[in-house]
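Student: Numbering-wise, my numbering comes out as the position in the sequence shown, counting from 1, plus 1.
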Amino acid sequence: MRRPGYTPRAFSGGSPLEAHGGYLIRVETFQGLDLVRLAREALALDGVSGPLPSLQVTVIRRRKVVRLAFLGLSTSGRQAAARWYAEHHALPRLLSRAANATVHTYTYDSAVGEQVIAHGNGHQVGGDQVVYADVDLSGEEEADDAAFTRMRARWPMGHLAYVFGLAREELLGMPRAASGVVLSLDAADAAEQLEGLLPGPQLPRVA
Numbered sequence: 002m003r004r005p006g007y008t009p010r011a012f013s014g015g016s017p018l019e020a021h022g023g024y025l026i027r028v029e030t031f032q033g034l035d036l037v038r039l040a041r042e043a044l045a046l047d048g049v050s051g052p053l054p055s056l057q058v059t060v061i062r063r064r065k066v067v068r069l070a071f072l073g074l075s076t077s078g079r080q081a082a083a084r085w086y087a088e089h090h091a092l093p094r095l096l097s098r099a100a101n102a103t104v105h106t107y108t109y110d111s112a113v114g115e116q117v118i119a120h121g122n123g124h125q126v127g128g129d130q131v132v133y134a135d136v137d138l139s140g141e142e143e144a145d146d147a148a149f150t151r152m153r154a155r156w157p158m159g160h161l162a163y164v165f166g167l168a169r170e171e172l173l174g175m176p177r178a179a180s181g182v183v184l185s186l187d188a189a190d191a192a193e194q195l196e197g198l199l200p201g202p203q204l205p206r207v208a
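(1) Pull up the DSSP beta-bridge partners for residue 70, would you.
(2) Looking at C-beta atoms only, is the number of pairs between the segment 35 to 52 and the segment 101 to 117 that lie closer than 8 Å three or more?
(3) With distance defined between alpha-carbon atoms, name the residue in 116, 50 and 121 nearest to residue 133.
(4) In this structure, how does DSSP classify residue 125 when only helix, strand and coil are distinguished?
(5) Which residues does DSSP pair with residue 195 in a beta bridge?
(6) Since residue 117 sits in a beta bridge, which residues does DSSP pair it with?
(7) Quick one: measure Cβ to Cβ for residue 64 and residue 27, integer angstroms, because I've assumed they're closer than 8 Å.
(8) Quick one: Cα of residue 3 to Cα of residue 101, how far?
(9) Run the CB neighbour count on residue 72, radius 10 Å, all protein chains shown included, and call it buried at 16 or more, exposed below.
(10) Let's see if you can read the secondary structure: which residues bound the beta strand (DSSP E) around residue 21?
(11) Take residue 165 and list the residues in its own chain whose beta-carbon comes closer than 6 Å to its own, dropping the five residues that flank it on each side.
(12) For residue 51, name the three-state secondary structure that DSSP assigns.
(13) So for residue 181, helix, strand or coil by DSSP?
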C-alpha cells in the first residue's frame with residue numbers, strides 16, 4: 002500500500018520539500034508589533050541560550066499570511082529542527098496576545114507526519130496531528146491522485162491552508178517560494194525591513 006509519508010510530492014523547485022516547521026499568522030501589518038523583542042523574549046522563555054538565531058519572516062502578501070522561523074538553532078538535522086517547534090510555544094503565546102490573532106505552530110516531515118497547534122490570546126486553543134504510517138488508504142485513495150489530494154486536504158496542513166485561503170502546497174512551500182527577509186535579532190532596522198515586506202495601510206493625503 003502506498004504510504005502518504007513516503008511519497009513526497011514535488012513543489013515549485015521540482016524536488017521534495019524537506020522537513021520544516023514554524024509559526025503562521027495572518028496580520029494586516031507589522032506596525033505596532035515589536036516582533037524582534039517578542040522573538041528575543043520567547044527564546045529566553047523557551048530556554049534557548051548561546052548565540053541568538055536569526056528570524057526568517059516570509060509572507061504571502063495577497064493573503065497576508067506570515068511564516069516565522071528561527072535560523073541557526075542548536076539542533077542536529079532538519080527533522081530535529083522541525084520537531085523543535087512542536088515543543089516550543091513561547092512565541093505563539095506572546096504573539097497571539099500582542100497581535101490579538103491566532104498563531105499556528107506547525108511541523109511537517111514527509112517521512113513522519115504533520116501537526117498544527119493553535120494559540121489564541123496567549124493560550125493553546127486547538128490542535129491536530131496526522132502520523133502518516135497510521136493512515137489507512139481506501140482503494141480509491143490508493144489508485145486515484147484526485148482522491149488522495151482530497152484526503153490530504155482534510156489533514157492539519159490542508160485544513161489550515163483552507164482557512165488561510167491557500168492551496169496546501171502553497172502553504173507548505175512558503176519557506177521556498179514566499180517573499181521574505183532574515184532578521185538579526187540585534188537589528189536596529191528590523192521595523193523598516195518588515196514594513197517593506199508587508200506595507201501597512203497608507204494614511205489619506207491631506208489636501
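Cβ atoms here follow ideal geometry from the backbone N, Cα and C, with glycine treated the same way.
Keep in mind the model is a prediction, meaning the values are calculated, not measured.
Tutor: This is what the structure gives:
(1) On the sequence shown, position 69 is the one that residue 70 refers to. Note: residue 70 sits in a beta bridge opposite 57.
(2) At 8 Å Cβ cutoff, the stretches do not touch.
(3) For the purposes of this step, residue 133 is identified with residue 132 of the sequence shown, where counting begins at 1. Measuring from the Cα of residue 133, the nearest candidate turns out to be 116.
(4) Taking the sequence shown and counting its residues from 1, one reaches residue 125 at position 124. If DSSP states are grouped into helix, strand and coil, residue 125 belongs with the strands.
(5) As a working mapping, residue 195 is identified with position 194 in the sequence shown. None, per the DSSP bridge assignment.
(6) By 1-based counting over the sequence shown, the position of residue 117 is 116. For residue 117, which the question treats as bridged, DSSP gives the partners 107 and 129.
(7) The count along the sequence shown starts at 1 and reaches residue 64 at position 63. The count along the sequence shown starts at 1 and reaches residue 27 at position 26. Yes, they are in contact, since the Cβ atoms of residue 64 and residue 27 sit about 7 Å apart, within 8 Å.
(8) Within the sequence shown, numbered from 1, the residue matching residue 3 stands at position 2. Within the sequence shown, numbered from 1, the residue matching residue 101 stands at position 100. Low local confidence applies: a pLDDT of 44 at residue 3 is under 50, so the model's placement there is unreliable, with the coordinate-based value given in what follows. Between residue 3 and residue 101, the C-alpha separation is close to 42 Å.
(9) Translated into positions along the sequence shown, residue 72 becomes position 71. The residue is exposed, with fewer than 16 neighbouring Cβ atoms inside 10 Å.
(10) Translated into positions along the sequence shown, residue 21 becomes position 20. Secondary structure note for residue 21: its beta strand (DSSP E) is the uninterrupted segment 21 to 27.
(11) By 1-based counting over the sequence shown, the position of residue 165 is 164. Residues 64 and 66 of the same chain have their beta carbon placed closer than 6 Å to that of residue 165, with the five preceding and five following residues left out of the count.
(12) Sequence index remark: in the sequence shown, residue 51 carries index 50 (1-based). Residue 51: coil per DSSP, three-state reduction.
(13) By 1-based counting over the sequence shown, the position of residue 181 is 180. DSSP, read as helix, strand or coil, puts residue 181 in strand.
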